[in-house]
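K.L.:
What follows is a single structure, and I will ask about it in a moment.
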Amino acid sequence: MSSISAVRSPPRPPSSPVGKSSTPIRRFVLNFPSMRQRRRGPQSHLLPEAEKFSDSGAGGGSILIERRSVVFSSVGMVAAAFCNASKDVIALASQFTDMPALRGKDYGKSKMSYPDYTETESGLQYKDLRVGDGPKPKVGETVVVDWDGYTIGYYGRIFEARNKTKGGSFEGDDKAFFKFRVGSQEVIPAFEESITGMALGGIRRIIVPPELGYPDNDYNKSGPRPTTFSGQRALDFVLRNQGLIDKTLLFDIELIKIIPN
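The letter at position 26 of the sequence shown is residue 26 when you use UniProt numbering, and the numbering goes up by one with no holes.
Below, the structure is given as structure tokens:
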């Protein structure tokens with residue numbers, strides 16, 4: 001019987017003062033790694049004084065208040081950062097350009113401007129990769145050009161290019177050069193505008209917004225047209241995709257020859 005009487009139940013923790021509950025405090029503090037260390041028992045002496053916790057008394061309350069103040073200050077910092085980010089978004093909103101796929105929605109896409117390009121009144125951006133030293137074409141004259149085309153608004157896909165490796169999607173090493181008569185409206189407005197400002201032998205790179213590109217998003221209505229099936233499919237996908245935001249195109253144009261009337 002003496003051995004049985006020597007076994008005692010584990011001591012119960014002291015009850016909390018009347019009117020105070022320790023449950024919210026425990027739930028709050030258990031999120032900290034220091035409390036997980038304290039629960040291991042003998043290692044509690046490793047905790048710094050500021051991390052020790054008491055379920056009752058003024059000490060526990062002061063630690064709780066201190067930790068709450070830290071959390072509230074962190075929330076304030078996050079809110080301030082969010083407000084600053086919102087201001088940046090509002091500042092960019094004034095630079096948004098009209099995109100048919102985004103009409104009626106609460107967001108847009110900013111118009112891209114390139115500092116090393118010259119922008120005309122129509123919105124065309126161009127850069128001369130090589131300035132020609134010959135005459136400039138006149139209205140009514142026929143020009144012979146070489147050109148490359150890219151869908152820079154959609155992953156930079158090529159829809160027309162020369163001198164590509166044989167066997168690839170874009171062969172065309174021996175394709176005929178593109179010809180059109182200046183002022184005949186045979187080509188998209190961006191092409192017409194670019195050629196009239198070039199000199200013979202020059203190479204110009206142009207960035208074409210949708211309003212200066214293919215009318216009604218159909219490359220069959222105006223030139224230049226891709227000469228390969230792969231190029232036609234790539235361009236047609238961008239032009240006819242109603243959900244595609246950016247239909248901006250890029251062309252490289254080389255003025256090879258001017259044929260008088």
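Note that the Cβ used here is the ideal one computed from N, Cα and C, for glycine as well.
A quick note: this is a predicted structure, and the numbers were derived from the prediction, not measured.
So, helix, strand or coil for residue 204, using DSSP?
P.N.:
For the purposes of this step, residue 204 is taken as residue 204 along the sequence shown, with counting starting at 1. Strand.
K.L.:
Considering Cα atoms alone, identify which of 141, 159 and 161 is closest to residue 185.
P.N.:
Position 185 of the sequence shown, counted from the first residue, corresponds to residue 185. The option with the nearest alpha carbon to residue 185 is 141.
K.L.:
If I follow the unbroken beta strand (DSSP E) through residue 177, where does it start and stop?
P.N.:
Working through the sequence shown from its first residue, we reach residue 177 at position 177. Run containing residue 177: none; DSSP gives neither H nor E here.
K.L.:
Measuring only the C-alpha atoms, how far is residue 232 from residue 112?
P.N.:
Counting from 1 along the sequence shown, the entry for residue 232 is found at position 232. Counting from 1 along the sequence shown, the entry for residue 112 is found at position 112. Their Cα atoms are separated by approximately 25 Å.
K.L.:
Between residue 139 and residue 182, how many whole angstroms is the CB-CB distance? I'm expecting something under 8 Å.
P.N.:
For the purposes of this step, residue 139 is identified with residue 139 of the sequence shown, where counting begins at 1. For the purposes of this step, residue 182 is identified with residue 182 of the sequence shown, where counting begins at 1. Correct: roughly 5 Å between the Cβ atoms.
K.L.:
Quick check: the Cα distance between residue 236 and residue 199, rounded to an integer number of angstroms?
P.N.:
Position 236 of the sequence shown, counting from 1, holds the residue named residue 236. Position 199 of the sequence shown, counting from 1, holds the residue named residue 199. Roughly 31 Å between the two C-alpha positions.
K.L.:
Put residue 244 into one of helix, strand or coil per three-state DSSP.
P.N.:
Start at 1 with the first residue of the sequence shown, and residue 244 comes out as number 244. In the three-state scheme derived from DSSP, where H, G and I count as helix and E and B as strand, residue 244 is classed as coil.
K.L.:
Alpha carbon to alpha carbon, how far is residue 227 from residue 208?
P.N.:
What you label residue 227 is simply residue 227 of the sequence shown in a count that begins at 1. What you label residue 208 is simply residue 208 of the sequence shown in a count that begins at 1. So the alpha carbons of these two residues sit roughly 20 Å apart.
K.L.:
Can you check whether the CB of residue 123 is closer than 8 Å to the CB of residue 246?
P.N.:
In the sequence shown, residue 246 corresponds to position 246, counting from 1. In the sequence shown, residue 123 corresponds to position 123, counting from 1. Contact: no.
K.L.:
Which value, in whole angstroms, describes the spacing of the CA atoms of residue 161 and residue 251?
P.N.:
As a working note, residue 161 is residue 161 in the sequence shown. As a working note, residue 251 is residue 251 in the sequence shown. Looking at the two C-alpha atoms, the distance is approximately 10 Å.
K.L.:
If you draw a straight line from the alpha carbon of residue 230 to that of residue 158, how long is it in whole angstroms?
P.N.:
Within the sequence shown, the letter at position 230 stands for residue 230. Within the sequence shown, the letter at position 158 stands for residue 158. Spanning the two alpha carbons is a distance of roughly 9 Å.
K.L.:
Determine the extent of the alpha helix (DSSP H) in which residue 196 is found, giving its start and end residues.
P.N.:
Here residue 196 refers to the residue found at position 196 of the sequence shown. DSSP places residue 196 inside the alpha helix (DSSP H), whose first and last residues are 189–196.
K.L.:
Residue 180 and residue 187: beta carbons closer than 8 Å?
P.N.:
Position 180 of the sequence shown, counted from the start, is the residue given in the question as residue 180. Position 187 of the sequence shown, counted from the start, is the residue given in the question as residue 187. Yes, they are a contact pair.
K.L.:
Could you tell me the alpha carbon to alpha carbon distance between residue 129 and residue 195, rounded to whole angstroms?
P.N.:
Along the sequence shown, one-based indexing puts residue 129 at 129. Along the sequence shown, one-based indexing puts residue 195 at 195. Rounded to the nearest angstrom, the two C-alpha atoms are 14 Å apart.
K.L.:
Roughly how many whole angstroms lie between the Cα atoms of residue 136 and residue 115?
P.N.:
What you label residue 136 is simply residue 136 of the sequence shown in a count that begins at 1. What you label residue 115 is simply residue 115 of the sequence shown in a count that begins at 1. Near 26 Å, if we compare the C-alpha coordinates of residue 115 and residue 136.
K.L.:
Would residue 253 and residue 206 be called neighbours here (beta carbons separated by less than 8 Å)?
P.N.:
Counting from one through the sequence shown, the residue named residue 253 turns up at place 253. Counting from one through the sequence shown, the residue named residue 206 turns up at place 206. The answer is yes: Cβ separation under 8 Å.
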